[in-house]
Amino acid sequence: LYTAAPFVPAGADLATLRRAAADCRGCPLHRDATQTVFGAGNASARVMLVGEQPGDQEDRRGEPFVGPAGKLLDRVLADAGIDPSQTYVTNAVKHFKFTQAEPSKRRIHKSPTLRETAACAPWLAAELALVEPELIVVLGATAGKALFGSSFRVTEVRGTVLEREIHGRPERVVPTVHPSAVLRADDREGAYRGLLADLKVAAHALG
Ligand code: URA
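Heads up: take any position in the sequence shown, counting from 1, add 9, and you land on full-length UniProt numbering.
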């Protein structure tokens, strides 16, 4: 069984968790990744945004959402009226998973398996327990499955405020698509408008 659980220190603050996560060997993804990419942002944020996993640039820089998807996320949050200083941004999986034809070739993102996502879940649970956000924004299917299980379907619930129990606590959650899906969409403008509409629901729920 893959699990991060033995690497997660009890009673730790976010800075301590982040340091511990750097040494996580809870699943095989640490072998090929450059480093662990832990969550970042305001430790008392009103909103926690949960993505899938770090991408190529995040893996090199050690920070979440600093590549193309992150640029788009910054823009759409601003358009939705969500203050970035009130956010904590993290991922369901904390190591970059990729395929690469040769060492000199581009590293291509590969989706994490359910086993890898489940292995990493104790980090996300610890972040949630410490940040205690008023609202969780789920960015895409992997994050949704990490929090709600494999039956989660982003298309069925996007742009709605869900009230769900997560790790024994009542949480409000607004699911939406992943910003990378907007970058890949044939109709990028339409996809952007959809993401923006969902985030406006989140902004409204925050009041
Ligand atoms: N995509 C994600 O899901 N997370 C990141 O940090 C970057 C890209």
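The beta-carbon is built from N, C-alpha and C at its ideal position, and this holds for glycine as well. In this text, all values refer to a predicted model and were calculated from it rather than measured experimentally.
(request) Just mark Ser160 as buried or exposed, buried being the case when its beta carbon has 16 or more other beta carbons within 10 Å. (result) Flag for Ser160 reads exposed.
(request) Give the range of the beta strand (DSSP E) segment to which Tyr97 is assigned. (result) Looking at the DSSP string, the run of the beta strand (DSSP E) that includes Tyr97 is 96-100.
(request) For the ligand URA, enumerate in chain order all residues having a CB closer than 5 Å to any of its heavy atoms. (result) The answer, residue by residue, is Gly60, Glu61, Pro63, Gly64, Glu67, Pro73, Phe74, Ala78, Asn100.
(request) Check each candidate in Pro37, Arg27, Pro15, Leu23 and name the one with the smallest Cα separation from Leu139. (result) The residue with the shortest Cα to Cα distance from Leu139 is Leu23.
(message) Quick test of your reading: residue 220 and Val147, contact by CB under 8 Å. State the CB separation rounded to the nearest angstrom.
(response) Within the shown structure, residues of the chain are numbered from 10 to 216, placing residue 220 beyond reach of any answer.
(request) Would you kindly report the start and end of the unbroken beta strand (DSSP E) that includes Glu165? (result) Looking at the DSSP string, Glu165 is not in any beta strand (DSSP E); the run it does join, the alpha helix (DSSP H), is 163-166.
(request) Would you mind reading off the limits of the beta strand (DSSP E) that contains Leu205? (result) First-last for Leu205: 197-215, but that is the alpha helix (DSSP H), not the beta strand (DSSP E).
(request) Select from Glu125, Val85, Ala21 the residue whose C-alpha is nearest the C-alpha of Thr12. (result) It is Glu125.
(request) Would you decide whether Ala144 is buried or exposed? Buried here means 16 or more other CB atoms lie within 10 Å of its CB. (result) Rather than Ala, the amino acid found at residue 144 in this sequence is Leu. By the neighbour-count rule (16 or more Cβ atoms within 10 Å), Leu144 is buried.
(request) Assign Glu136 to one of three DSSP states: helix, strand, or coil. (result) Here Glu136 carries a helix assignment [DSSP, helix/strand/coil].
(message) Just to confirm, is the Cβ distance from Glu174 to Arg181 under 8 Å?
(response) No, the Cβ-Cβ distance between Glu174 and Arg181 is not below 8 Å.
(message) Quick check on the burial criterion: 16 or more other C-beta atoms within 10 angstroms. Buried or exposed for Thr151?
(response) Its Cβ being crowded by 16 or more others within 10 Å, Thr151 is buried.
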